[in-house]
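Accompanying notes for the structure given below.
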Amino acid sequence: QKEVEQNSGPLSVPEGAIASLNCTYSDRGSQSFFWYRQYSGKSPELIMFIYSNGDKEDGRFTAQLNKASQYVSLLIRDSQPSDSATYLCAVNGDQGAQKLVFGQGTRLTINP
Amino acid sequence: DVKVTQSSRYLVKRTGEKVFLECVQDMDHENMFWYRQDPGLGLRLIYFSYDVKMKEKGDIPEGYSVSREKKERFSLILESASTNQTSMYLCASTPGGLETQYFGPGTRLLVL
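Chains as they are written, first to last, in this note's numbering: chain A, 6 to 117; chain B, 30 to 141.
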């Protein structure tokens with residue numbers, strides 16, 4: 006059974022600080038990794054994806070991937086109250102496989 | 030922009046009723062998915078489809094069936110609704126490969 010693990014939180018971060026969200030996965034064959042943001046009562050929306058080891062930056066968001074450690078993280082710089090949401094990590098399996106395996110999500114609260 | 034729509038945002042049904050949830054995507058995506066999302070359990074895959082008239086069971090198919098007669102439309106059917114099927118139902122689509130999934134707005138179903 007392929008698994009994706011996240012700390013459910015809640016994670017509380019002061020406004021303007023860096024929020025760090027972590028995710029580990031069990032399947033070494035995983036090839037693509039996604040971070041979704043989900044506001045309460047809404048559907049998940051894609052924030053970032055990463056395929057290669059290292060960092061990928063997009064505005065205030067940075068995704069980090071370490072395949073050797075089976076670890077992916079999301080950093081949010083200059084956190085804003087509007088970043089308060091649940092963040093879902095999702096992992097795509099073997100090449101050609103279409104299914105994503107989702108973590109349970111980390112609830113993030115940014116305190117003004 | 031990818032658009033995934035679902036037929037209802039909120040639905041109230043009685044135990045034993047047959048329930049149809051419709052999902053339509055407008056980007057000619059090959060793959061479509063149905064999930065349910067419950068507090069503490071995350072997103073769980075019910076069924077998915079790689080092509081018209083093709084379907085595959087996900088992790089929790091019991092009590093559900095699906096239909097995909099046209100590429101853009103994927104229907105989830107609750108043959109005889111039960112109270113434990115009260116949940117948020119999310120449809121998603123993806124063009125394939127290692128691409129991300131795009132979610133519809135969700136249908137919150139209450140079975141009384």
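Backbone N, C-alpha and C define an ideal beta-carbon position, used for all residues, glycine too.
Contacts with chain A at 9 Å (Cβ-Cβ) do not include B:T34. Residues are counted here when their Cβ sits less than 7 Å from a Cβ of chain A; for the region 119–133 of chain B these are L119, T123, G125, L127, T129, Q130, F132 and G133, given in chain order. Any Cβ of chain B closer than 9 Å to the Cβ of A:P49 would place that residue at the interface, and such an atom is present. Using a CB distance cut-off of 9 Å, A:S57 does not count as an interface residue toward chain B. Within the model, the alpha-carbon separation for B:F132 versus A:I115 is close to 25 Å. A contact is defined here as three or more CB-CB pairs under 8 Å, and the region 30–37 of chain B meets this definition with respect to the region 113–123 of chain B. Bridge pairing for B:S94: B:I106 [DSSP]. Under the Cβ distance rule, A:K61 does not count among the residues neighbouring chain B, no pair being separated by less than 9 Å. For B:L70, the nearest CB of chain A lies under 9 Å from its own CB, placing it at the interface with that chain. Per DSSP, the continuous beta strand (DSSP E) segment holding A:N27 begins and ends at A24 to Y30.
Ranked by Cα distance from B:V140, the options B:V48, B:R65 and B:L72 are led by B:V48. Following the DSSP letters along the chain, one finds B:E51 inside the beta strand (DSSP E) bounded by residues V48 to Q54. Of all residues in the region 71–96 of chain B, the ones placed with a Cβ closer than 8 Å to any Cβ belonging to chain A are G71, L72, L74, F77, Y79 and G87, in chain order. A contact is defined here as three or more CB-CB pairs under 8 Å, and the region 38–45 of chain A meets this definition with respect to the region 82–94 of chain A. Residue-level contact by beta carbon fails for A:S89 and chain B, as no gap is shorter than 9 Å. By the criterion of a C-beta distance shorter than 6 Å, B:V41 is surrounded in its chain by L139, once the five residues flanking it on both sides are discounted.
DSSP, reduced to helix, strand and coil, places A:N58 outside both helices and strands of the structure shown, so it counts as coil. DSSP lists A:Y76 as the bridge partner or partners of A:N71. The beta-bridge partner set that DSSP reports for B:D80 is empty.
Close partners of B:N113 in chain A (Cβ separation under 8 Å) are lacking, with about 19 Å as the shortest Cβ gap. The Cβ atoms of A:V106 and A:E8 lie closer than 9 Å to each other. Residue range S37 to Q43 is occupied by the beta strand (DSSP E) that includes A:Y41. Under the three-pair Cβ rule at 8 Å, the region 87–103 of chain B does not count as touching the region 61–80 of chain A. Under the three-state reduction of DSSP output, B:D67 falls in the strand class.
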